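Trainee: One structure is given below, represented as C-alpha coordinates, and several questions about it will come after.
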Amino acid sequence: MTKASAKAAHRVASLVGTGVTAGQNVHANLAAPALSAAAIHRREGQFSADGALMVSTGVHTGRSPRDKFVVDEPGVTDDVWWGSVNTKLAPDKFALLTARVRAYLQGQELFTQDLYAG
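Numbered by this note's numbering, the letters in the sequence shown go through residues 485 to 602 in order.
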(Lines of atoms letter the chains of each structure in order from A and count residues from 1; the text may use other names and numbers.)
(Lines give C-alpha, C1' and ligand atoms only; values in the text may rest on other atoms or scores of the structure.)
Protein backbone atom coordinates (compact mmCIF):
# COMPACT_ATOMS: atom_id res chain seq x y z
CA MET A 1 0.00 0.00 0.00
CA THR A 2 1.38 3.41 -0.94
CA LYS A 3 1.48 6.32 1.48
CA ALA A 4 -1.25 8.11 -0.52
CA SER A 5 -3.55 5.08 -0.53
CA ALA A 6 -2.97 4.56 3.20
CA LYS A 7 -4.00 8.18 3.86
CA ALA A 8 -7.09 7.75 1.67
CA ALA A 9 -8.02 4.55 3.53
CA HIS A 10 -7.67 6.34 6.87
CA ARG A 11 -9.89 9.20 5.69
CA VAL A 12 -12.62 6.68 4.84
CA ALA A 13 -12.05 4.77 8.09
CA SER A 14 -12.42 7.98 10.09
CA LEU A 15 -16.10 8.05 9.08
CA VAL A 16 -16.91 4.38 9.73
CA GLY A 17 -19.94 4.05 11.96
CA THR A 18 -21.11 7.63 11.44
CA GLY A 19 -23.48 7.02 8.54
CA VAL A 20 -21.66 9.71 6.54
CA THR A 21 -20.30 8.75 3.13
CA ALA A 22 -16.70 9.79 2.60
CA GLY A 23 -16.09 12.26 -0.18
CA GLN A 24 -12.80 13.43 -1.59
CA ASN A 25 -12.53 16.26 0.92
CA VAL A 26 -12.06 14.39 4.19
CA HIS A 27 -9.06 15.44 6.27
CA ALA A 28 -8.20 13.08 9.12
CA ASN A 29 -6.05 13.92 12.14
CA LEU A 30 -4.41 17.06 10.77
CA ALA A 31 -1.85 18.69 13.05
CA ALA A 32 -2.53 22.18 14.39
CA PRO A 33 -0.44 23.98 11.72
CA ALA A 34 -2.34 22.24 8.91
CA LEU A 35 -5.70 23.01 10.55
CA SER A 36 -4.70 26.66 10.94
CA ALA A 37 -3.59 26.81 7.30
CA ALA A 38 -6.93 25.32 6.22
CA ALA A 39 -8.82 27.94 8.26
CA ILE A 40 -6.82 30.73 6.61
CA HIS A 41 -7.33 29.22 3.14
CA ARG A 42 -11.09 28.93 3.76
CA ARG A 43 -11.19 32.55 5.02
CA GLU A 44 -12.47 31.37 8.40
CA GLY A 45 -9.84 33.19 10.44
CA GLN A 46 -6.62 35.14 10.45
CA PHE A 47 -3.37 35.16 12.37
CA SER A 48 -2.77 37.70 15.12
CA ALA A 49 0.47 39.68 15.32
CA ASP A 50 1.72 37.00 17.76
CA GLY A 51 0.83 34.15 15.39
CA ALA A 52 -2.33 32.88 17.12
CA LEU A 53 -5.27 31.88 14.94
CA MET A 54 -8.21 34.23 15.49
CA VAL A 55 -11.74 33.39 14.37
CA SER A 56 -15.02 35.19 14.80
CA THR A 57 -17.85 33.14 16.25
CA GLY A 58 -20.39 35.90 15.70
CA VAL A 59 -23.12 36.13 18.31
CA HIS A 60 -22.62 32.48 19.39
CA THR A 61 -19.67 32.88 21.76
CA GLY A 62 -20.20 30.00 24.16
CA ARG A 63 -22.06 26.81 24.95
CA SER A 64 -25.59 27.47 26.09
CA PRO A 65 -26.71 25.10 28.88
CA ARG A 66 -30.22 25.29 27.43
CA ASP A 67 -28.94 23.71 24.21
CA LYS A 68 -27.89 20.45 25.86
CA PHE A 69 -30.12 17.41 25.54
CA VAL A 70 -29.89 13.82 26.75
CA VAL A 71 -31.64 11.04 24.85
CA ASP A 72 -34.22 9.57 27.22
CA GLU A 73 -33.61 5.85 26.86
CA PRO A 74 -34.58 3.07 29.30
CA GLY A 75 -30.94 2.46 30.26
CA VAL A 76 -30.41 6.04 31.47
CA THR A 77 -33.79 7.51 32.31
CA ASP A 78 -33.54 6.73 36.04
CA ASP A 79 -29.88 7.79 36.30
CA VAL A 80 -30.09 11.32 34.88
CA TRP A 81 -30.96 14.33 36.99
CA TRP A 82 -33.60 15.76 34.66
CA GLY A 83 -34.30 19.47 34.76
CA SER A 84 -33.39 22.72 33.06
CA VAL A 85 -29.79 21.61 32.46
CA ASN A 86 -30.41 17.98 31.42
CA THR A 87 -33.37 18.22 29.08
CA LYS A 88 -35.04 15.04 27.81
CA LEU A 89 -34.89 14.29 24.09
CA ALA A 90 -37.09 11.48 22.78
CA PRO A 91 -35.23 8.79 20.80
CA ASP A 92 -37.35 9.43 17.68
CA LYS A 93 -36.45 13.16 17.79
CA PHE A 94 -32.77 12.23 18.14
CA ALA A 95 -33.06 9.96 15.10
CA LEU A 96 -34.58 12.80 13.06
CA LEU A 97 -31.83 15.23 14.08
CA THR A 98 -29.14 12.65 13.34
CA ALA A 99 -30.57 12.04 9.86
CA ARG A 100 -30.60 15.79 9.16
CA VAL A 101 -26.98 16.18 10.26
CA ARG A 102 -25.86 13.19 8.17
CA ALA A 103 -27.67 14.57 5.11
CA TYR A 104 -26.01 17.96 5.61
CA LEU A 105 -22.53 16.44 5.93
CA GLN A 106 -22.77 14.43 2.68
CA GLY A 107 -20.38 16.01 0.19
CA GLN A 108 -19.05 18.61 2.65
CA GLU A 109 -15.36 19.13 3.28
CA LEU A 110 -14.82 17.36 6.61
CA PHE A 111 -12.10 17.54 9.24
CA THR A 112 -12.01 14.52 11.57
CA GLN A 113 -9.90 13.84 14.65
CA ASP A 114 -9.38 10.59 16.55
CA LEU A 115 -9.61 11.81 20.15
CA TYR A 116 -9.87 10.09 23.49
CA ALA A 117 -11.18 11.16 26.89
CA GLY A 118 -11.47 9.56 30.26
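Don't be surprised by glycine CBs; every beta carbon is placed ideally from N, CA and C. Nothing here was measured: the structure is a model prediction, and the numbers come from that model.
Could you give the residue range of the beta strand (DSSP E) that holds Lys572?
Mentor: Position 88 of the sequence shown, counting from 1, holds the residue named residue 572. Thr571 to Leu573 is the extent of the beta strand (DSSP E) around Lys572.
Trainee: When you compare the stretch 533-541 with the stretch 552-568, are there three or more beta-carbon pairs, one atom per stretch, that lie closer than 8 Å?
Mentor: Judged by pairs of C-beta atoms under 8 Å, the stretch 533-541 does not touch the stretch 552-568, as fewer than three such pairs exist.
Trainee: From the DSSP output, read off the bridge partner residues of Val510.
Mentor: Start at 1 with the first residue of the sequence shown, and residue 510 comes out as number 26. Per DSSP, the beta-bridge partners of Val510 are Leu594.
Trainee: Hey, out of Asp563, Val510 and Gly501, whose CA is closest to Gly591's CA?
Mentor: As a working note, residue 591 is residue 107 in the sequence shown. The candidate whose alpha carbon is nearest that of Gly591 is Val510.
Trainee: Check for me: the alpha helix (DSSP H) holding Ala522 runs from which residue to which?
Mentor: Residue 522 sits at position 38 when you count from the first residue of the sequence shown. Taken as a continuous stretch (DSSP letters only), the alpha helix (DSSP H) holding Ala522 covers Ala516 to His525.
Trainee: Which whole-angstrom value describes the C-beta separation of Ala521 and Thr596, a residue pair presumed to lie in contact below a C-beta threshold of 8 Å?
Mentor: Within the sequence shown, residue 521 is the residue found at index 37, counting from 1. Within the sequence shown, residue 596 is the residue found at index 112, counting from 1. Contact flag wrong, Cβ pair sits at about 17 Å.
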